Amino acid sequence: MGAISKPQSGPATEDKSTNSYISGQEFKKLVEAGTEWLKTNQQTVNSLNVFPVPDGDTGTNMLLTMQAAYNEISTSGDENIGKIAYKVAQGALMGARGNSGVILSQLWRGFSRALDNLETMDSALLVKAMNEAKSTAYKGVVRPVEGTILTVAKDVAAGVEEKAKSTSDLVEILETMVSIADESVSHTPELLPILKQAGVVDSGGKGLFYILEGMLRYIKGQSLETQTANVQPLSALAKFDETMEEIEEGQDYEVVIDFRPHQPLDLDHFYSHLSTIGTSIQLGEGDGMYRLHIHVPEENLHEPVKLIRSMGVFLKETTENLRAQMADVEKAQKPKIALAPVQPDHIAVVAVSPGIGISRIFASLGANAIVEGGQTMNPSTEEILQAFENLPTDKIIILPNNKNIILAAQTASTVTVKKVKVIPCKSVPQGLSAILRFNPEGDLDEIYQEMQEAIQEVETGEITIATRSVDINGVHVSQGQVIALHNGTLIAASESLEEACLQLLKTANTQDRERITLFYGSNISRQEVDQIVDQIRETYPSHEIELHEGGQPYYQFIIAIE
Amino acid sequence: MTEGYKNPLGNIFVSHRAIATVACQTAMQSYGVVGLAAKNFAEGIAQVLVKDPTLGVDIQFVDNAIKIDLYVILEYGVRITSVSDSVADQVRYQVEKTFGLPVSQVNIHVRGLRVSNVD
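Chains X and Z supply the protein sequences, listed in that same order. Heads up, the first sequence is in the working numbering, so the first residue is 1 and it goes up one at a time. Heads up, the second sequence is in the working numbering, so the first residue is 1 and it goes up one at a time.
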């Protein structure tokens, strides 16, 4: 067997003549190493994404593809490299995720076809396999875009062919493959303008490079777990965070430090020290100044600063709370709702809504602004003020839709120069029945009067789960029971949602009403909802029953009886 | 047919064909797509790659948003779901970026597979 099977042997130089072929099991270890190394560098690859499309996490997609490929062979003891490669290709195909993952699976497919059932692979076969991999991958697209993973695969295949003319040593050839891949990746911005604009190299190509480099690092006995020290130009650093989708464990703060080291940096030592402190480490350099970028957990917040001060001149530090940032991002990404446009001099309505479904309903009924908020997340006066302050009219009606928010709304009405009326609606159904009377062209006082009357015409039911045990209004409630509130008053506690709904409707003045509208919350399945609604339809056959998605938290149902 | 939106000076109209062209060019650059099939041919001859690729794209306007149907031929051996997902993503991104009109749906109809290599 070749020196490939001895990862601990250090740089594999002792006996080159034995590196002329590779078996199935050795190949399996290389695939594992490539996968492992890609995993270590996953975030780096993700950060290179330029298209803001959901498919964008190239590193993750390629990793999942490689993991699916490796899973196919992880327990296989086959010595036949052809069979192992075939399984890798099958696994990659089944697990292909995203564009780069699909291309990667095609590379494997071509690669394995060339090794068809052969026991071992030598340099001539490797040349054939790489060429087959390249041509198979290119067949998958009509107009190949150059400057992508395809280009890198093409360059590597050509490089292997060239190198194999002078040596049959597979380790030497792999070294060449890695260095060619590296160079090819660095040229991708020249081929693809969009990469150049974004100041990054191609992510898929970089991923392929890491897979190959992982194989080489394994042979050389280098660690696959710690990122290598790579210093990028400062301009590339800025791109790093934009692609963050979620925060992993231990990424509470982002710390960025500019510094000038006293002595030339020992990068590997520096990196290994940093990796004990945090993750997502990036280092940029320009004009002798370095910028360190690292994500650290709360307890290590001050560690980077301590470390840097011990080794150089400290220039500047910025710290950002990632958790808070992500919360903002999530807020901004909430689905957009088509609000009614405001005509100058018309009346505008601002509605406070506890859930996305209810927001949509308010918007469809003519609300011009929505403020998020409800029982446990009362919006501040400031938030309500912001919602209408910039509307191009000075006549405003606010629907607080919760008794805890009426006060904030009234305060908002006193601190603005606009004429603001607050409808004292204590629930969503009241707010909805008020907005039905709304007419943007009417007289503010008249409309206000009408809307205020409308809220008397509806009864509100709310169904939720008791958070503690209590005795109110002669009703005994145990924690965890379903409770029903009628116009804000607790009237029943029961074991099932269905029973609570029916008891609520019994209490309500149903014989004088003709319509029951249910808004179901975010904490109940559609199936459960349907069952309960069917039951209600049976019990109240002469009433009109309507069902809408409310999307509110905590309350399984908000019910309007009118 | 045209659809449009307003700017302060007047209206901007965009024809379905213009949108179809962008969608089709993007699809053809997507990995795994080797051609588009005519949308209204009988099933039996749908495999034929069409010369004017916009014939493999159907554009509709529903509620002020663009709905795109793409009739594609994929390369045999790719994972169909992954390829379809990325085609849909890229077409949507490119059309929205180019025209500034929202895309509500991109439906991918896989009309056939081209076999270049048999495994």
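A virtual CB, placed ideally from N, CA and C, is assigned to each residue, including glycine. Nothing here was measured: the structure is a model prediction, and the numbers come from that model.
Pairing Ala-492 (chain X) with Ser-30 (chain Z), the inter-Cα distance amounts to about 59 Å.
Of the candidates X:Ala-340, X:Ile-524, X:Glu-546 and X:Glu-32, the residue whose Cα lies closest to the Cα of Leu-224 (chain X) is X:Glu-32. At the C-beta level, Ser-82 (chain Z) and Val-102 (chain X) come within 7 Å of one another. Taking a 10 Å sphere around the C-beta of Ala-560 (chain X), we find 16 or more other C-beta atoms and assign the residue as buried. Judged by their CB atoms, Asp-122 (chain X) and Gly-82 (chain X) are not nearer to each other than the 7 Å cut-off. By the criterion of a C-beta distance shorter than 7 Å, Glu-457 (chain X) is surrounded in its chain by Ser-433 and Glu-562, once the five residues flanking it on both sides are discounted. With respect to the 7 Å criterion, Tyr-70 (chain X) and Thr-35 (chain X) are classified as neighbours on the basis of their beta carbons. Counting along the chain, the unbroken alpha helix (DSSP H) around Asp-182 (chain X) starts and ends at 170-191. Relative to Glu-172 (chain X), the option among X:Arg-217, X:Leu-399 and X:Ile-447 whose CA is nearest is X:Arg-217. Close partners of Ser-105 (chain X) in chain Z (Cβ separation under 9 Å): Gly-77, Val-78, Arg-79 and Ser-82. In this chain, the beta strand (DSSP E) harbouring Asp-471 (chain X) covers 470-472.
For Gly-221 (chain X), the secondary structure class from DSSP, reduced to helix, strand or coil, is coil.
Here Asp-155 (chain X) carries a helix assignment [DSSP, helix/strand/coil]. The shortest C-alpha to C-alpha distance from Ser-105 (chain X) to any of X:Gly-77, X:Arg-143, X:Met-289 and X:Ile-149 is the one to X:Ile-149.
A distance below 7 Å between beta-carbons, with the five flanking residues on each side excluded, links Ile-80 (chain Z) to the following residues of its chain, in chain order: Leu-74 and Val-110. In the DSSP assignment, the residues bridged to Tyr-253 (chain X) are X:Val-296 and X:Asn-321.
A distance of 7 Å or more separates the beta carbons of Leu-504 (chain X) and His-476 (chain X). The beta carbon of Met-130 (chain X) sits closer than 6 Å to those of Ala-157 and Val-160, all from its chain and outside the five residues before and after it, given in chain order.
Remark: C-beta atoms of Arg-323 (chain X) and Asp-252 (chain X) approach each other more closely than 7 Å. Note: Thr-517 (chain X) is bridge-paired with X:Glu-546 and X:Ala-560 in the DSSP secondary-structure output.
Taken in chain order, the members of the stretch 11-39 of chain Z whose beta-carbon sits within less than 8 Å of a beta-carbon on chain X are Met-28, Gln-29, Ser-30, Tyr-31, Gly-32, Val-33, Val-34 and Gly-35.
When Cβ pairs closer than 8 Å are counted between the two stretches, the stretch 546-559 of chain X is seen to touch the stretch 515-527 of chain X, the count reaching three or more.
Taking a 10 Å sphere around the C-beta of Val-62 (chain Z), we find fewer than 16 other C-beta atoms and assign the residue as exposed. Fully enclosed alpha helix (DSSP H) runs of no fewer than 4 residues occupy 406-414, 428-435 and 444-454 of the stretch 400-477 of chain X, in order along the chain. Gly-140 (chain X) belongs to the set of residues whose beta carbon lies under 7 Å from a beta carbon in chain Z.
Assignment of Ser-123 (chain X) by DSSP, reduced to helix, strand and coil, places it in the helix class. Within 7 Å of the CB of Ser-116 (chain Z), the CB atoms of chain X belong to Lys-139, in sequence order along the chain. The Cβ-Cβ distance between Ile-396 (chain X) and Ala-409 (chain X) does not fall below 7 Å. Burial check for Leu-267 (chain X): the Cβ neighbour count within 10 Å stays below 16, so the residue is exposed.
For the stretch 84-95 of chain Z, the set of positions with a beta-carbon nearer than 7 Å to some beta-carbon of chain X reads Asp-85, Ser-86, Asp-89, Gln-90 and Tyr-93 in chain order.
Residue range 33-36 is occupied by the beta strand (DSSP E) that includes Gly-35 (chain Z). In the three-state scheme derived from DSSP, where H, G and I count as helix and E and B as strand, Val-87 (chain Z) is classed as helix. For the set X:Ile-435, X:Ala-412 and X:Ile-347, the Cα lying nearest the Cα of Ala-363 (chain X) is the one of X:Ile-435. Inclusion of Ile-257 (chain X) and Gly-278 (chain X) in the CB contact set at 7 Å is not warranted, their separation being larger than that value. Contact holds between the stretch 512-519 of chain X and the stretch 532-546 of chain X, because three or more Cβ pairs, one in each stretch, are under 8 Å apart. Tyr-540 (chain X) sits in coil when the DSSP states are folded into three classes, being neither helix nor strand.
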